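What follows is one structure encoded as structure tokens, with my remarks underneath.
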Ligand SMILES: Cc1cc2nc3c(=O)[nH]c(=O)nc-3n(C[C@H](O)[C@H](O)[C@H](O)COP(=O)(O)OP(=O)(O)OC[C@H]3O[C@@H](n4cnc5c(N)ncnc54)[C@H](O)[C@@H]3O)c2cc1C
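Protein chains in written order, with our numbering: chain A, 34 to 353; chain B, 9 to 256.
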């Protein structure tokens, strides 16, 4: 009996969210007097998971799994959970993990709670805290089934090293065919994604037009940040829909969120509120964002942001 | 093609969130309910299939009588008939079970739900439903074309998108992109009048038990006041982010 965690890879390398999920699973295992087993697909370095507390890795090597596909992947994780007789299964909140989770829940007859932000407050009954109402509240939720599936919210737990001797075991479950064929994947590989980024720089309608987005991009580049935008900016076609964050767009749970020329409407804030530190730059001191932010500058983005970018460049050079 | 659109009845995005009964129940007092935004994009795409490809479009909600105005709104936007499964929606798994019964009984080819509801944000009902009825499933769907029995869909992924081909029966978790914001329809007077006469059937729930239950709600701790930094003193902001917040 162990805690099973699905550790996602990107081109053979573990994602940060995978390490976070293992760290979190280790905390549950300690609480329950159990151990952590990870399941990884086509990973180049499965033993690395020992750093975060996995004592075993079920290592799946299978060319038919080179491209993510929810049904076969859910089946692999399900087989791993059954193999380990896992009581608790942990996944991250990446788009792919969220895609496979409900399929996995049905196959394991596991009660599933997503957007979980803490280690279970109690394991009998099994109660976890998750966000609800798009980050406007939390719900302490009991899972009543024998097997429990937890979707860990991004950046909620962090990476915790816990060096453990880790055994890598080959695991080759049967993989069902999928009724879905992936025809093409269109992904910018040189840019950090909003889901993975530690820092997100976001622009709103206050930037006046798409021609001014160099401001946002330059600042993001210095910080190694992902770029995002408010809903009207994507509705107006200034930026791609994939950058739209908020209640009806992507959620953001970064360490630092910098909002430039964004008023801070309730729907915008709902989506970005899980970010740990929020900075707002806005000409209007009455903008609602100032009530939600940790740090603020009342000022014109066109003047403030270039100076901030230059000074950060100097700061980074000094601290490199 | 028979399409079923799942409609979640959720608090308007501007709602203040409060709880009653010792923080165990959502306080609906003064809250305006709407069609879940992700579902509305799906419903609008379904209307396109109805108008251009002759599909029929039914809408369904699992919930109590209080959700009927939301279903009527979906009828006013253009759905043909509505179904309400008469049981409170307390758990994603149980809701998916109820929907699975509706899909089996109605023989639907395509089910369009939202990628998540904006109240509980579980993001699990469409996927669970697909697994229960053994249908293909695409979530975070931002593009959908149907041709006979075949479908092409675009899924938003972290950092981009992917295009997939699949076939009916199919369950979609939809969102903005399935149609654009400007394509959304505000029901007109004629739509509202017609919606009153369209069938809204109430069906009793199938046997299903919850797998999760909310013990209590809490609100985030109140936030401290913002620290304002002078626009002329950007070094101070960098200093705060580095030494105090420790994020750079
Ligand atoms: C159902 C629904 C769902 C929604 N979902 C979302 C969502 O997911 N995400 C989202 O973002 N919005 C969402 N919205 C829209 C939301 O209500 C706001 O309209 C939107 O967030 C405003 O975007 P904005 O802040 O970019 O623009 P505005 O509100 O126009 O704000 C622009 C800001 O820029 C400031 N400004 C102007 N010039 C400058 C300058 N030179 N320098 C610095 N600051 C300047 C202004 O003071 C102002 O505060 C939703 C709305 C509805 C009804």
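Glycine is no exception: its CB is placed at the ideal position from the N, C-alpha and C atoms. Everything numeric in this text was worked out from a predicted model, so none of it was measured.
Verify whether the separation of the beta carbon atoms of residue i and residue j is less than 8 Å.
i	j	result
residue 97 of chain B	residue 71 of chain B	yes
residue 354 of chain A	residue 290 of chain A	Only positions 34 to 353 of chain A appear in the structure, and residue 354 of chain A is not among them; the question remains open.
residue 187 of chain B	residue 49 of chain B	yes
residue 52 of chain A	residue 123 of chain A	no
residue 40 of chain B	residue 23 of chain B	yes
residue 219 of chain B	residue 177 of chain A	yes
residue 248 of chain A	residue 105 of chain A	no
residue 63 of chain A	residue 166 of chain B	no
residue 110 of chain B	residue 68 of chain B	yes
residue 99 of chain B	residue 225 of chain B	no
residue 321 of chain A	residue 307 of chain A	no
residue 261 of chain A	residue 276 of chain A	yes
residue 26 of chain A	residue 25 of chain B	As displayed, chain A neither begins before 34 nor continues past 353, which places residue 26 of chain A out of reach and without an answer.
residue 314 of chain A	residue 286 of chain A	no
residue 50 of chain A	residue 70 of chain A	no
residue 76 of chain A	residue 100 of chain A	no
Can you give me the C-alpha to C-alpha distance between residue i and residue j, rounded to a whole angstrom?
i	j	result
residue 11 of chain B	residue 62 of chain B	11 Å
residue 55 of chain B	residue 83 of chain B	11 Å
residue 169 of chain A	residue 278 of chain A	16 Å
residue 250 of chain B	residue 251 of chain A	19 Å
residue 377 of chain A	residue 216 of chain B	With chain A running from 34 to 353 in the structure shown, residue 377 of chain A is simply not present.
residue 154 of chain A	residue 222 of chain B	13 Å
residue 74 of chain A	residue 158 of chain A	32 Å
residue 92 of chain B	residue 205 of chain B	16 Å
residue 119 of chain B	residue 33 of chain B	30 Å
residue 97 of chain A	residue 28 of chain B	51 Å
residue 179 of chain B	residue 211 of chain A	14 Å
residue 299 of chain A	residue 235 of chain B	20 Å
residue 46 of chain B	residue 352 of chain A	44 Å
residue 140 of chain A	residue 254 of chain B	43 Å
residue 246 of chain B	residue 345 of chain A	7 Å
residue 241 of chain B	residue 252 of chain B	16 Å
residue 79 of chain B	residue 202 of chain A	52 Å
residue 59 of chain B	residue 85 of chain B	13 Å
residue 101 of chain B	residue 214 of chain B	13 Å
Does the beta-carbon of residue i, which I'm using as the reference point, lie nearer than 7 Å to any heavy atom of ligand 1?
i	result
residue 53 of chain B	no
residue 281 of chain A	yes
residue 260 of chain A	no
residue 323 of chain A	no
residue 334 of chain A	yes
residue 315 of chain A	yes
residue 307 of chain A	no
residue 21 of chain B	yes
residue 206 of chain B	no
residue 285 of chain A	no
residue 169 of chain A	no
residue 296 of chain A	yes
residue 17 of chain B	no
Determine the burial state of residue i: buried for a count of at least 16 other Cβ atoms within 10 Å of its Cβ, exposed for fewer.
i	result
residue 266 of chain A	buried
residue 20 of chain B	exposed
residue 170 of chain B	buried
residue 94 of chain A	exposed
residue 126 of chain B	buried
residue 201 of chain B	exposed
residue 124 of chain B	buried
residue 263 of chain A	buried
residue 34 of chain A	exposed
Tell me, which residues are paired with residue i by DSSP?
i	result
residue 241 of chain B	Residue 241 of chain B pairs with nothing; no bridge assigned.
residue 11 of chain B	B:65, B:118
residue 155 of chain A	A:160
residue 235 of chain B	A:328
residue 163 of chain B	B:149, B:170
residue 258 of chain A	The partner list for residue 258 of chain A (beta bridge, DSSP) is empty, contrary to what the question assumes.
residue 19 of chain B	B:41
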